[in-house]
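Take a look at the structure set out below.
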Amino acid sequence: MKKRGLAMMLAFVLAATGLVGCGNGTDGASGGKEKIRLMVWSPSEDQSKDSGEWLQTMCENFADEHPEWDITFVYGVADEASAAGQVAQDAEASADVFMYANDTITTMTDANALAKFGGKYREEIESTNSEEVLASLTKDGELYGVPFTTNTWFMYYDKSVFSEEDIKNLDTMLEKGVVSFPMTNSWYLPAFYIGNGCTLFGDGTDESKGVDFSGEKAVEVTNYLIDLEQNPNFRIDADGSGIAGLRDGSISAIFSGSWDANAVKEALGDNMGVAALPTFTLNGEEKQMMAYAGSKAIGVNPNCDDMAAAVELAVYLGSAEAQRAHYELRTVIPCNTELMAEQEIAADPLVMAQNNTFNYTSILQPFVSKMNNCWTPVENMGKGIRNGSVTHDNAAEQTESMNEAMNSDGI
44 MKKRGLAMML AFVLAATGLV GCGNGTDGAS GGKEKIRLMV WSPSEDQSKD
94 SGEWLQTMCE NFADEHPEWD ITFVYGVADE ASAAGQVAQD AEASADVFMY
144 ANDTITTMTD ANALAKFGGK YREEIESTNS EEVLASLTKD GELYGVPFTT
194 NTWFMYYDKS VFSEEDIKNL DTMLEKGVVS FPMTNSWYLP AFYIGNGCTL
244 FGDGTDESKG VDFSGEKAVE VTNYLIDLEQ NPNFRIDADG SGIAGLRDGS
294 ISAIFSGSWD ANAVKEALGD NMGVAALPTF TLNGEEKQMM AYAGSKAIGV
344 NPNCDDMAAA VELAVYLGSA EAQRAHYELR TVIPCNTELM AEQEIAADPL
394 VMAQNNTFNY TSILQPFVSK MNNCWTPVEN MGKGIRNGSV THDNAAEQTE
444 SMNEAMNSDG I
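Residues in the sequence shown are numbered from 44 upward in steps of one, following the working numbering.
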């Protein structure tokens, strides 16, 4: 996910052929079908003609599979990062079915604005997803959504510059070409600290254990990052500068996610390489960069009037059929285990990179409430390194200040 996505709550009605009527109950004019109205939110790209109108197509397919219902779909635009805030603020006025990033679960459960999946629906979801993906949507033993993709970042690189051996280690890469990394983005920068043993809330679920970005293990990373920023073959990626550099040849590797796959392909063509995260060399020892990882899911509003239809739609939108269409139309990487077993999908380098990162070079991003205290201090560390206010002379002091702020409710 892009941590600070924007939501445009622009609701509009698209009544497809045969999908007419409003309200609840049955009506003889519609052949005794139960009339149902479902409000569905998704990112704008899922509704765009340029991207094949994935959401509308899937909803129409769903309606065809349920002739017992006469469904009117009301479509609204909200990205996965922002939907939770809208739903939590006013659940009764929000969508019945929506897409969300798993790290926003607590925002909605605290507001009693996210339905649990149980019974046959939970069994179906559990039978087609890995334990890791399911864990990303489970809180206090309850399952809160239907996953449709994993959510993390990895590395894109120019195969004409770096070999498969080179890309195993970041410092080796810096000897061969220019590497760009979003150092001032707090979704990315912790990868180095976590790689050297720093932790967040124990296993990520225990708020009482707090954040441990302190001590020598963290100071060593801060010093490494200061040197990294000063490396002549390093660039800080911000506002699309990394992809622009791939395009003009001034940059040969960037770190991003599947959302940038098409842009990278346009920039690099046949030289596009994709890989899980490399190691970095810290005081002579190789350490593994570790990304935050999570999932994106279909959620259901517990306040909706037509709960049975809403849950059925959510399960369908996260089904193998819908994930396949999502992948083909928008390169949204599937997480359904049946699809992942198909040779064509499993052999896609983009799918391999995202899933190798999720499985081997990431931690599950904590979604406890106190995680909200962690973004700004890390961002400030990256900015301080960029502008030179964080130096080797004050690295220990600045690192401890970051740790204290991450453990404070003041930020």
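Backbone N, C-alpha and C fix where the C-beta goes; we use that ideal spot for every residue, glycine too.
Integer-rounded CB distance, given that residue 194 should sit under 8 Å from residue 337
5 Å
Using the Cβ count rule (16 or more neighbours within 10 Å means buried), how would you classify residue 334?
Here residue 334 is buried. Its C-beta has 16 or more other C-beta atoms within 10 Å.
Cβ shell of residue 499 (< 7 Å), same chain only, five flanking positions each side left out
This structure cannot settle anything about residue 499, because the visible part of the chain is limited to 44 through 454.
With DSSP as the reference, label residue 256 as helix, strand or coil.
coil
Quick check: what's the CA-CA separation for residue 231 versus residue 145?
Computed Cα separation, rounded: 17 Å.
Rounded distance between the beta-carbons of residue 289 and residue 201, thought under 8 Å:
7 Å
To which residues does DSSP link residue 142 through a beta bridge?
341
Buried or exposed for residue 435, going by 16 or more other Cβ atoms inside 10 Å?
exposed
Neighbour-count burial assignment, residue 437, 16 or more Cβ in a 10 Å radius
That one is exposed.
Closest by C-alpha distance to residue 358, when choosing among 127, 95 and 162
162
Which same chain residues end up closer than 7 Å to residue 439 when comparing Cβ atoms and leaving out the 5 residues on each side of it in sequence?
Counting only Cβ-Cβ distances below 7 Å, and skipping sequence neighbours, we find 262.
At least 3 beta-carbon pairs within less than 8 Å: the stretch 182-193 vs the stretch 270-284
no
Quick check: the stretch 364-372 against the stretch 89-100, are at least 3 beta-carbon pairs closer than 8 Å?
yes
Can you tell me where the beta strand (DSSP E) holding residue 112 begins and where it ends?
112-120
Could you please give me the residues that DSSP links to residue 80 through a beta bridge?
115
Residue 174 versus residue 111: straight-line alpha-carbon distance, rounded:
34 Å
Ignore the nearest five residues each way along the sequence and tell me which others in residue 177's own chain have a CB closer than 8 Å to its CB.
168, 169, 186 and 190
Put residue 331 into one of helix, strand or coil per three-state DSSP.
strand
So, at 6 Å on beta carbons, what are the nonlocal neighbours of residue 312 in its own chain, with the 5 sequence-adjacent residues on each side left out?
none
Which term fits residue 361, buried or exposed, when burial requires 16 or more other beta carbons within 10 angstroms of its beta carbon?
With 16 or more Cβ atoms within 10 Å of its Cβ, residue 361 is classed as buried.
Count Cβ pairs between the stretch 104-119 and the stretch 383-399 that sit closer than 8 Å; are there 3 or more?
no
Residue 368 versus residue 301: straight-line alpha-carbon distance, rounded:
16 Å
Evaluate residue 66 with the Cβ neighbour count: other Cβ atoms within 10 Å of its Cβ, from every protein chain shown; 16 or more gives buried, anything less gives exposed.
Only weak support is given to the placement of residue 66: the predicted model assigns it a pLDDT of 34, under 50, and the question is left unresolved by the model.
When you compare only the Cα positions, how much space is there between residue 242 and residue 408?
11 Å
Assuming residue 433 and residue 265 are in contact, meaning their beta carbons sit under 8 Å apart, how far apart are those beta carbons, in whole angstroms?
7 Å
Who are the Cβ neighbours of residue 137 in its own chain at under 7 Å, not counting the five residues just before and after it?
129, 130 and 344, listed in sequence order.
Residue 45 versus residue 75 - alpha carbon distance:
Legend: pLDDT at residue 45 = 39, less than 50; position of this residue unreliable, no value from coordinates given.
DSSP state of residue 428 mapped onto helix, strand, coil:
helix
Taking the alpha carbon of residue 319 as the reference point, which residue from 196, 268 and 350 has its own alpha carbon closest?
196
Using a threshold of 7 Å, is the CB atom of residue 447 nearer than that to any non-hydrogen atom of the ligand PLP?
Annotation note on the ligand PLP: not contained in the displayed structure, which lists no ligands.
If you draw a straight line from the alpha carbon of residue 252 to that of residue 239, how long is it in whole angstroms?
Cα-Cα distance, rounded: 18 Å.
Range covered by the alpha helix (DSSP H) that runs through residue 236
Counting along the chain, the alpha helix (DSSP H) containing residue 236 begins and ends at 233-238.
For residue 216 and residue 205, believed in contact at Cβ under 8 Å, the rounded distance
6 Å
Buried or exposed for residue 132, please, with buried defined as at least 16 other CB atoms from any protein chain shown within 10 angstroms of its CB.
exposed
Grab the span of the alpha helix (DSSP H) containing residue 315 for me, first residue to last.
No alpha helix (DSSP H) holds residue 315; the beta strand (DSSP E) holding it covers 315-318.
If you drop the 5 nearest sequence neighbours on each side, which residues of the same chain put their C-beta closer than 7 Å to that of residue 446?
Only 254, 256, 257 and 261 meet the Cβ criterion.
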